[in-house]
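In my numbering, the protein residues as written are 25 to 481.
Note that the Cβ used here is the ideal one computed from N, Cα and C, for glycine as well.
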């Protein structure tokens, strides 16, 4: 579907010539009214009056964050919620962050925009102030071109996709004395670019230079004061070794990824494009390299291929989703543990259903990390209402049955498998935020059973 440029900017004479049937008096009056209302709603006095009401500071903003806007100038400023910016971990102890985002739009459809995101974090136990800033410029929505620049000093999980959220880690650390989140420090600068080359061929790449430093525990506090359980160290490879996990070093890192989507359908309007998906799965080629240049202490190459499809209709049987990835390191002359391939595990009894398509329910966070070949698979099938809707008493609850299979193969560990059976859409009315899964997991010779309660946030 395509709308040509300037298609909506025709003169009145043009429409009078091409319109096969003249407008009725009622239609003409209606268009005048709608045009007048649109002019009013886009005027500065109207938008300023709306902003004046929305920008009022409320008591709940202290808890959930505050947003300020100047709509006529298309400027927006937001401050992060203390619920997500005040955390606890065994490295920093209690730590607080100031997370601010400024965004400016340059068109009426919010397609071209610029944002600045400064972040300041202070740890009260290690007494360290860390600050970074990220800048993003979104060029357009016809080729999805985006430039990102980021730099500063920050803590980072060894698995950079953050398999455990700081909020969940705070709760588990304080209540159960389990410090699953393992972090190190990096001083870095990075540059990223994303662009759709042609329809169906999408590229994203980044380059980063970082000084990386190991961190150790400095806090042993928890709410269970009488519990003598000792926190594990901040070393993901040796939980009982409380020395720094690695020597300080520098790393020049390159990441390139190409998405191939066959027969991608789209709708294109002037200045913007909306993807409608494809009947074929997405095929990704991902290349990561540690570059031995400019004083960098790493030198490795990793190539992976991925196959993803997040919606496979099965008619009355429901729908399926899957993700399959295989990769290999074909050069590992110099590597650090954070450069390994890590898999999204979970050692808590709770999870985030939004991440279940590419994460495991019960896999330890770093036990299967590898610098060799690997194969990873995630399959889930949602029965929608095919089974539970056939039971009158259960049908009224609006629940949905989900079954899944997850598999991981690496050369250094036994094959890992998860078979899951879950009930999704648990809740009341529109607040159906929960999902409960029972999982048989582990190696074939040592199967185990566990439950995971998921909450959609």
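What is the rounded straight-line gap between the Cα of residue i and the Cα of residue j?
i: residue 133; j: residue 408; result: 35 angstroms
i: residue 432; j: residue 469; result: 15 angstroms
i: residue 201; j: residue 471; result: 26 angstroms
i: residue 103; j: residue 369; result: 30 angstroms
i: residue 72; j: residue 100; result: 13 angstroms
i: residue 461; j: residue 429; result: 12 angstroms
i: residue 355; j: residue 323; result: 8 angstroms
i: residue 339; j: residue 218; result: 35 angstroms
i: residue 450; j: residue 456; result: 5 angstroms
i: residue 4; j: residue 30; result: Look at the range of the chain in this structure, 25 to 481, and you will see that residue 4 is not part of it.
i: residue 61; j: residue 120; result: 46 angstroms
i: residue 253; j: residue 241; result: 15 angstroms
i: residue 184; j: residue 467; result: 26 angstroms
i: residue 299; j: residue 215; result: 26 angstroms
i: residue 446; j: residue 437; result: 27 angstroms
i: residue 46; j: residue 57; result: 18 angstroms
i: residue 39; j: residue 64; result: 24 angstroms
i: residue 238; j: residue 331; result: 35 angstroms
i: residue 541; j: residue 333; result: Because the chain in this structure spans residues 25 to 481, residue 541 falls outside the shown range and cannot be described.
i: residue 400; j: residue 476; result: 21 angstroms
i: residue 393; j: residue 435; result: 11 angstroms
i: residue 110; j: residue 419; result: 41 angstroms
i: residue 69; j: residue 269; result: 59 angstroms
i: residue 422; j: residue 448; result: 9 angstroms
i: residue 227; j: residue 51; result: 47 angstroms
i: residue 77; j: residue 176; result: 36 angstroms
i: residue 459; j: residue 302; result: 28 angstroms
i: residue 417; j: residue 376; result: 28 angstroms
i: residue 442; j: residue 385; result: 8 angstroms
i: residue 95; j: residue 373; result: 43 angstroms
i: residue 486; j: residue 321; result: Within the shown structure, residues of the chain are numbered from 25 to 481, placing residue 486 beyond reach of any answer.
i: residue 343; j: residue 425; result: 11 angstroms
i: residue 402; j: residue 348; result: 6 angstroms
Could you give the residue range of the alpha helix (DSSP H) that holds residue i?
i: residue 297; result: Segment 296-301 is the beta strand (DSSP E) holding residue 297; no alpha helix (DSSP H) there.
i: residue 4; result: The chain is shown from 25 up to 481; residue 4 falls before or after that span and cannot be answered.
i: residue 200; result: 190-200
i: residue 73; result: 68-78
i: residue 33; result: Run containing residue 33: none; DSSP gives neither H nor E here.
Name the DSSP bridge partner or partners of residue i?
i: residue 448; result: 424
i: residue 326; result: 312, 353
i: residue 173; result: 159, 215
i: residue 238; result: 208
i: residue 479; result: 458
i: residue 118; result: 112
i: residue 348; result: 331, 401
i: residue 491; result: Since the first residue of the chain shown is 25 and the last is 481, residue 491 is not available in this structure.
i: residue 437; result: 434
i: residue 254; result: None, per the DSSP bridge assignment.
i: residue 230; result: 216, 279
i: residue 123; result: 143
Can you tell me whether DSSP reads residue i as helix, strand or coil?
i: residue 142; result: strand
i: residue 135; result: coil
i: residue 377; result: helix
i: residue 152; result: strand
i: residue 382; result: helix
i: residue 339; result: helix
i: residue 291; result: strand
i: residue 263; result: coil
i: residue 20; result: Nothing can be reported for residue 20: it is not among the residues displayed for the chain, which extend from 25 to 481.
i: residue 360; result: coil
i: residue 106; result: helix
i: residue 443; result: strand
i: residue 306; result: strand
i: residue 225; result: strand
i: residue 181; result: strand
Beta strand (DSSP E) containing residue i: first to last residue?
i: residue 45; result: Premise fails: residue 45 is in no beta strand (DSSP E) and is neither H nor E.
i: residue 26; result: That residue, residue 26, is in no beta strand (DSSP E); it is neither H nor E in DSSP.
i: residue 277; result: 273-284
i: residue 103; result: 99-103
i: residue 91; result: 90-94
Counting only beta-carbon separations shorter than 9 angstroms, does residue i have a partner in chain B?
i: residue 420; result: Protein chains in the displayed structure number just one, and chain B is not present.
Which runs of the alpha helix (DSSP H), 4 residues or longer, sit entirely within the region 388-432? The region 388-432 contains these whole alpha helix (DSSP H) runs: 416-419.
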